[in-house]
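K.L.:
Going by this note's numbering, the first residue of the sequence shown is number 34, and it counts up by one from there.
Here it is, the structure, as structure tokens.
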Amino acid sequence: SGAGQGGTSYLITDAGVKYPLASAETAERLGYGGSEPVAVPAALLGLLPTGPSLDPARALASGAAAPEAAAPGAVCGR
């Protein structure tokens with residue numbers, strides 16, 4: 034996270050891409066609600082490519098379907 038005092042929070046992936054989080058609620062919805070953000074220096078953040086903003090409201094407005102709960106025992110990719 035690059036969240037500082039009033040700063041933007043990011044999800045930084047293992048691929049080295051930072052994704053701005055639209056809100057603290059977004060982090061919770063992604064399963065990071067109990068995680069403590071880690072401050073990252075702006076100089077380091079500037080070296081990482083930026084992906085699209087992770088904003089559930091924008092995703093749903095674009096016509097993307099809300100995820101449905103998988104059936105117990107369901108296996109993805111089959």
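Where a beta carbon is used, it is the ideal one built from N, C-alpha and C, also for glycine.
List the whole-angstrom C-beta distance separating PRO89 from THR59, where the pair is believed to meet the contact cut-off of C-beta under 8 Å.
P.N.:
About 6 Å separates the two Cβ atoms, so the contact holds.
K.L.:
Got a sec, what are the start and stop residues for the beta strand (DSSP E) LEU44 sits in?
P.N.:
Note, LEU44: beta strand (DSSP E), 43 to 45.
K.L.:
Tell me where the beta strand (DSSP E) around TYR52 begins and ends.
P.N.:
Its beta strand (DSSP E) spans residues 51 to 53.
K.L.:
Just grab the DSSP bridge partners of THR157 for me.
P.N.:
Any answer about residue 157 is impossible in this case: the structure gives the chain only from 34 up to 111.
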